[in-house]
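In my numbering, the protein residues as written are 47 to 458. The beta-carbon is built from N, C-alpha and C at its ideal position, and this holds for glycine as well. Below: one structure, written as structure tokens.
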């Protein structure tokens, strides 16, 4: 690394180091490289850019401009005197672009966990729920708004200890698999076991430290030549003396997820109650499976891709499915029907076929308007013939219905 950096600096008078945060560890290390090599290159960094705070676009622009003014002013555009006329008014984008709060990715397996929590709270009443650092923290935002406080990475269950015991309802804490292995096992769950907590903890296990880029953790399911993976979270919990542990291997089953949460909140079993809700991060899953599927399609192999849709004739337009799932693929569609004023739910092309929308609608006993359609790439001859036959039959039925329709718009 030092040789590559020195080669980069060769022939330069000054070099700007952009390092957010403090202390300036990288800048100091690079300065050491230059000093030991006897280089005369001047290293600039925290003297121009601020020591603390986020390096926003404006902060970066101001810092780089200040650096170029001193090191290479010829690279900056010439200053133009302001004309003696008013500038055109810049439109206020906040009035034209709708606000889109951050949320879970399309198909995220954590979304059904929070949908199940909302359904449980309809039965039990409002619960004290503490959150933790990770993707699941998006559950504190609409439409779920679950998680009243966040202490730190792995400290969610420990923070809930103040609410443990004596309340009408058990406190619930949420923590990810990354937070569990980082600090949660020693600080939170050992504390729950030692103090014989009566609280409920939900471990969101998506197989990775997903919020930071999908790095493997101890409980990751993939083979890793340099890291120790495939260590089940349930075994670690049993090892510290927690007996009531439930493993949910498919979080998209909202009904089952709701039932397990209800059991944890109502059981008479002593000690902490821990639910390990496991399903793979959809973003990582898509990164792995999409290239394989595309390659298979190019090779002429048969590939099925699940897609979901909404039957416009069945949808009632109450949009409860959107409020309970919050999926980015779910949107609204205005019908060309004078008898129906309210828009219906619609699923756009970003759908990844996770099925959460239909599972939520079924668990919450909503309208049965969701349907699944499997798109078949490179179908067999029999499938192609059947598809053509079905299309002809459907076309004949549609033309027959159209012929029976009364038309009141004729001209005299």
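Here residue 221 is not near residue 289, since their CB atoms are 9 Å or more apart. DSSP places residue 80 within a helical segment (H, G or I) once states are collapsed to three.
Residue 291 and residue 432 have their alpha carbons spaced roughly 49 Å apart. In this structure, the straight-line span from the alpha carbon of residue 196 to that of residue 189 is close to 18 Å. Your pair residue 154 and residue 328 checks out as a contact, with CB atoms roughly 5 Å apart and the cut at 8 Å. Sequence-distant Cβ neighbours of residue 64 in its own chain, meaning closer than 6 Å and more than five residues away, do not exist here. DSSP places residue 396 in no alpha helix (DSSP H); its state is neither H nor E. Following the DSSP letters along the chain, one finds residue 442 inside the alpha helix (DSSP H) bounded by residues 427-450.
Your pair residue 410 and residue 370 checks out as a contact, with CB atoms roughly 6 Å apart and the cut at 8 Å.
A residue is called buried once 16 or more other Cβ atoms fall within 10 Å of its Cβ, and residue 169, having fewer, is exposed. Beta-bridge partners assigned by DSSP to residue 176: 219. For the pair residue 298 and residue 158, the CB atoms are nearer than the 9 Å cut-off. The shortest C-alpha to C-alpha distance from residue 173 to any of 110, 146, 247 is the one to 247. Residue environment: residue 426 is assigned as exposed (fewer than 16 neighbouring CB atoms within 10 Å of its CB, all protein chains considered). Under DSSP, residue 350 takes part in a beta bridge, and its partners are 422. Of all C-beta pairs linking the stretch 379-391 to the stretch 270-284, fewer than three are shorter than 8 Å, placing the two stretches out of contact. Every unbroken stretch of the beta strand (DSSP E) spanning 3 or more residues and falling wholly within the stretch 182-249 is given here in chain order: 218-222. Annotated three-state conformation of residue 61 is strand, per DSSP.
Taking 9 Å as the cut-off, the Cβ atoms of residue 378 and residue 391 count as close.
Under the three-state reduction of DSSP output, residue 355 falls in the strand class. CA-CA distance, residue 255 to residue 228, rounds to 10 Å. Contact annotation: residue 319 and residue 245 have beta-carbon atoms nearer than 9 Å.
Note that the C-beta distance between residue 418 and residue 441 is not below 9 Å. With contacts defined as CB atoms closer than 9 Å, residue 372 and residue 109 fail to qualify as a contacting pair. Of the residues assessed, residue 103 falls on the exposed side of the cut-off, its CB having fewer than 16 other CB atoms within 10 angstroms.
For residue 343, the secondary structure class from DSSP, reduced to helix, strand or coil, is helix. Counting C-beta atoms within 10 angstroms of its own C-beta, residue 312 has fewer than 16 neighbours from the protein chains shown and is therefore classed as exposed. In the structure shown, residue 166 adopts helical secondary structure according to DSSP, grouped into three states.
Counted as a single uninterrupted DSSP element, the beta strand (DSSP E) harbouring residue 90 occupies residues 88-90. Closest in alpha carbon position to residue 79, among 88, 52, 69, 93, is 52.
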